[in-house]
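Participant: The structure that follows is given in the form of structure tokens.
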Amino acid sequence: MSTTWRIVNGRIIDPVNGVDRIGELLIRDGALVESAADLPADTPVIDAGGCWVVPGLIDMHVHLREPGEEYKEDILTGAQAAASGGFTAVACMPNTKPVNDNAAITAMIRAQAAEAAVRVYPVGAISLGSSGQQLAELGEMQAAGAVAVSDDGHPVRDSQLMRRALEYASNFKLPVISHSEEASLSTGVMNEGPVATRLGLKGIPTAAESIMVYREIALAEITGTPVHIAHVSTAMSLDLIRAAKARGVRVSAETAPHYFTLTDEAVEGYDTNTKMNPPLRSAADREAIRTALGDGTLDVIATDHAPHSILEKEVEFDHAANGIIGLETSLPLGLALVREKVLDPSRLIALMSANPARILGLPGGALTPGMVADITLIDPECTFTYSADQVVSKSRNTPFLGWKLQGRAVMTMVSGDIRYNILS
Amino acid sequence: MSTGYYFAHRHILGIEQLSAEDISHILNTADSFKEISDRPIKKVPTLRGHTIINLFFEPSTRTRLSFEVAAKRMSADTFNISASTSSTTKGETLVDTARNISAMHPDIIIIRHSCSGAPLLLSKHVKAAVVNAGDGAHEHPSQGLLDMMTVKEHRGTLSGLKIAIIGDITHSRVARSDVIGFTRMGSDVHLHGPATLIPQGIEQLGAIVSPSLEEAVRDADVVMTLRIQRERQNDPLLPSLREYSRQFGISRKILSLAKPDALVMHPGPVNRGVELPPDVADGTQSVILDQVTNGVAVRMALLYLVMGNS
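Respectively, the protein sequence lines represent chains X and W. Residues in the first sequence are numbered from 23 upward in steps of one, following the numbering used here. Residues in the second sequence are numbered from 27 upward in steps of one, following the numbering used here.
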């Protein structure tokens, strides 16, 4: 397999280097090089005419279910779904069975990932068993390959523990990712409001998220450490993050495509593929998220890819598991924001590649000569209907089945090696 | 009935899916069936040979009995299943149960479930007509219809009335079905209760949330109270039932603010002395037992109409 390429005629979009132009991208032995003089004469050419050529997309928030729930997804199938969605790297959350709260599990995930289609970076747990009682061995997990820590899915209730986690993680420069949710307010199954009232479903108020977002900001502020807020869903949280950033707090934040695409109206009909945590919010919240993606309040689009089988989803709404798969639809839904003039192309690539690379300290995220050649080719125009038989992930729990989508990845390359290719 | 009308519903999942014309048609049908229950031989052959399954995932005495009486007066064969919602822990989901029951070829499945939306889920996996006998805090359409039938009997109309509903709106499927039904028929529904029990956005269903009990009840044609529970799942909703009865109970004095002949209603069972003092619950304005009687007629009508459309 060649890892030396000349990619020609593409629109090169590289926000880190301020590049957005038609040109050539040169790759030798899996790394980006400056000039054609560095390439052998017989270097194969990829014609990327009509396509964007961007640094490989990075999804910093996925659930790959291995170890423990391989009937939903495993590292290899999840990575394959990632490659087909244009991602060259993913960071997988620790809520596996057992929880990734120690170096042995972290190392096991890394070992499995060696065979995967894309780079897979484990996120370790903050607390043992993610039970919020005792700090996990963060340093050991980092040595084994963890790139961040989070008790995702199990918000850290104890504020002292969260404070200590932020402080202790800073010794290892490990980013701490907060699933911000005040549990006592969060006993419902969808967004609190008129739709929940009409459907007779118990609501989760926006304050359940915003209260905890403010706690994390306050803790980051007094400790001087960075904190990353996962899957922001409310306008109130964004106001808090915006104000914190303005006064220099080291807070970064992500949202997921479903929060900028759907609202709680989608729950009508009790489709369990619209059940996730945090829940789909109001139209005003969705609008605030779209604004925040553009103005820099939000740094990252991450999918929260959460595979579940029909065992967890073909049940009463109250009993259904939270979460949807997202790796294969994130880019098309992001491209819709570009068409709707919410984002320019460079901003989209910053949100989906450059910024997650920076926050987690990962290779990639830019097209600087000398860097690894993790590259995604995007056809922004092609349309397709996302149907069940096309789903690459092992699970099919997504509200976007049957949607007509525009724009998709046509080639995904990790260190110059082609891992996914539908380029005609 | 207007010419060309026909009842187009295969399932009865909620009042929300019913038009004003549908509701009138159901109530007229129920009215015509009511006298069957007054006959010495209370049985008509209308649903002979039809199989009706009562699938109750929640304890219920009144509603289940009412549906069973209705079905038997129509000569249907009825079967009762008291299922546990926790049967999922034994590996059987609602969908499994539905497919198994469906394989026995029932004509109608009547379902009561603690989860909102469960009847809709059931309807997607069975061939039978599905009748919702109450799902979570969503809807209780047969109760809404029997409430409308009772009010119409006493008032002669469902249009231009003031209906006051007092109590726990948040957890009440009866409140939702009544709000949708009465407003669709042209009446105003005024709600009042502790703010802990008034759900956000209920106005979007057409209800008017009253700032005080007095304002809700003043000049009302109907005063309906809902059963109250002090606490649910560790959610502190009320300090005490004693305070509730004093602040939100319908005393004679409060009732005197309503129209002199206002109807007192309750979906039952009444916490006597909490929502209503005994002299009001059993007083001359109370039509609580008429509601029960009409429940059988409404349910006969629903079973008849969904079968007519299969």
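We put the beta carbon where it would ideally sit given N, CA and C, even for glycine. Predicted, not measured: the structure shown is a model, and the values here were computed from it.
Going along chain W in order, which residues have a C-beta closer than 8 Å to the C-beta of Thr26(X)?
Facilitator: The premise fails here: Thr26(X) is roughly 53 Å from chain W at the closest Cβ pair, so nothing lies under 8 Å.
Participant: So, do the segment 348-366 of chain X and the segment 298-306 of chain X have three or more beta carbon pairs nearer to each other than 8 Å?
Facilitator: Short answer: they don't touch.
Participant: Who are the neighbours of Gly227(W) on chain X, taking C-beta pairs under 7 Å?
Facilitator: Gly215, Pro216, Thr219, listed in chain order.
Participant: Taking three-plus beta-carbon pairs below 8 Å as touching, is the segment 184-201 of chain W in contact with the segment 236-252 of chain W?
Facilitator: Touching, yes.
Participant: Does Leu73(W) come out as helix, strand or coil in the three-state DSSP assignment?
Facilitator: Coil.
Participant: Would you say the segment 64-71 of chain W touches the segment 120-135 of chain W, given that touching needs at least three Cβ pairs under 8 Å?
Facilitator: The segment 64-71 of chain W vs the segment 120-135 of chain W: no contact.
Participant: Look at the alpha carbon of Tyr270(W) and the alpha carbon of Ile195(W), and state the distance between them as a whole number of angstroms.
Facilitator: Their backbone Cα atoms lie some 14 Å apart in a straight line.
Participant: I'd like the list of long-range same chain contacts for Arg43(X), defined as Cβ closer than 8 Å, with 5 residues on each side in sequence excluded.
Facilitator: Within the same chain, Arg43(X) has close Cβ partners Arg33, Ile34.
Participant: Pick from Ser106(X), Asp96(X), Val67(X): whose alpha carbon is nearest that of Ile80(X)?
Facilitator: Among Ser106(X), Asp96(X), Val67(X), the Cα nearest to that of Ile80(X) is on Ser106(X).
Participant: Between Gly334(W) and Ser142(W), what straight-line distance do the alpha-carbon atoms span, to the nearest angstrom?
Facilitator: Distance between the alpha carbons of Gly334(W) and Ser142(W) is about 27 Å.
Participant: Going by the CB atoms, is the gap between Thr104(W) and Ile78(W) shorter than 8 Å?
Facilitator: Yes, these two residues count as a Cβ contact at 8 Å.
Participant: Look at the alpha carbon of Ile371(X) and the alpha carbon of Thr245(X), and state the distance between them as a whole number of angstroms.
Facilitator: Straight-line Cα distance between these residues: approximately 31 Å.
Participant: Sorted by chain position, which residues of the same chain lie with C-beta nearer than 8 Å to Met393(X)'s C-beta, five sequence neighbours on each side aside?
Facilitator: The residues are Ala53, Leu54, Pro385, Gly386.
Participant: Going straight from the alpha carbon of Arg28(X) to that of Val67(X), what length do you get?
Facilitator: Their backbone Cα atoms lie some 5 Å apart in a straight line.
Participant: Does DSSP classify Val177(W) as helix, strand or coil?
Facilitator: Looking at Val177(W) - three-state DSSP - the assignment turns out to be helix.
Participant: In three-state terms, what does DSSP make of Ser128(W)?
Facilitator: Here Ser128(W) sits in helix by DSSP.
Participant: Is the Cβ of Pro340(X) closer than 8 Å to any Cβ of chain W?
Facilitator: Note that residue 340(X) is Asp in the sequence shown, not Pro. Answer yes: the Cβ-Cβ gap between Asp340(X) and chain W drops below 8 Å somewhere.
Participant: List the DSSP bridge partners of Lys224(X).
Facilitator: According to DSSP, which records beta bridges pairwise, Lys224(X) is partnered with nothing at all.
Participant: Quick test of the definition: if touching needs 3 or more C-beta pairs under 8 Å, does the segment 299-319 of chain W touch the segment 140-159 of chain W?
Facilitator: The segment 299-319 of chain W vs the segment 140-159 of chain W: no contact.
Participant: By alpha-carbon positions, which one of Ala278(X), Asp317(X), Gly161(X) ends up nearest to Asp123(X)?
Facilitator: Of the listed residues, the one whose Cα sits closest to Asp123(X) is Gly161(X).
Participant: For Arg125(W), go through chain X and note every residue whose CB falls closer than 9 Å to its CB, in chain order.
Facilitator: Going along chain X, no residue has its Cβ under 9 Å from Arg125(W), so there is no contact; the nearest lies around 11 Å.
Participant: Given a threshold of 16 other Cβ atoms within 10 Å of its Cβ, counted over all protein chains shown, does Lys363(X) qualify as buried or as exposed?
Facilitator: With fewer than 16 other Cβ atoms within 10 Å, it is exposed.
Participant: For chain W, check one thing: does any of its Cβ atoms lie closer than 8 Å to the Cβ of Tyr93(X)?
Facilitator: So no, Tyr93(X) is outside the interface.
Participant: Taking 8 Å as the CB-CB limit, is Leu223(X) close to chain W?
Facilitator: With 8 Å as the cut-off, Leu223(X) counts as an interface residue toward chain W.
Participant: Could you check whether the Cβ of Ser142(W) sits closer than 8 Å to any Cβ belonging to chain X?
Facilitator: Ser142(W) counts as touching chain X.
Participant: Do the segment 285-292 of chain X and the segment 77-94 of chain X meet, that is, are 3 or more Cβ pairs less than 8 Å apart?
Facilitator: Output reads no: the segment 77-94 of chain X does not touch the segment 285-292 of chain X.
Participant: Considering Glu46(X), what are the terminal residues of the beta strand (DSSP E) in which it resides?
Facilitator: From DSSP, the beta strand (DSSP E) with Glu46(X) extends over 41-50.
Participant: Would you identify the three-state DSSP class for Lys279(W), choosing helix, strand or coil?
Facilitator: Helix.
Participant: Just to confirm, is the Cβ distance from His12(X) to Pro177(X) under 8 Å?
Facilitator: In the structure displayed, chain X extends from 23 to 446; residue 12(X) sits before or after that span and is not available.
Participant: What first and last residue would you give for the alpha helix (DSSP H) that runs through Ile41(W)?
Facilitator: Segment: none, Ile41(W) is in no alpha helix (DSSP H) and carries neither H nor E.
Participant: Note the first and the last residue of the continuous beta strand (DSSP E) segment covering Asn443(X).
Facilitator: Note, Asn443(X): beta strand (DSSP E), 439-443.
Participant: Ends of the beta strand (DSSP E) at Gln428(X)?
Facilitator: That run of the beta strand (DSSP E) goes 426-436.
Participant: Does chain W have any CB closer than 8 Å to the CB of Glu336(X)?
Facilitator: So, interface residue.
Participant: Taking Cβ positions, are Gly222(X) and Arg199(W) nearer each other than 8 Å?
Facilitator: Yes, they are a contact pair.
Participant: Where DSSP assigns a beta bridge to Ala59(X), which residues make up the other side?
Facilitator: In DSSP, Ala59(X) forms no bridge with anything.
Participant: Using a Cβ-Cβ distance under 8 Å, would Phe163(W) count as near chain X?
Facilitator: The amino acid occupying residue 163(W) in the given sequence is Ala; Phe does not appear at that position. Cβ-Cβ to chain X under 8 Å: yes for Ala163(W).
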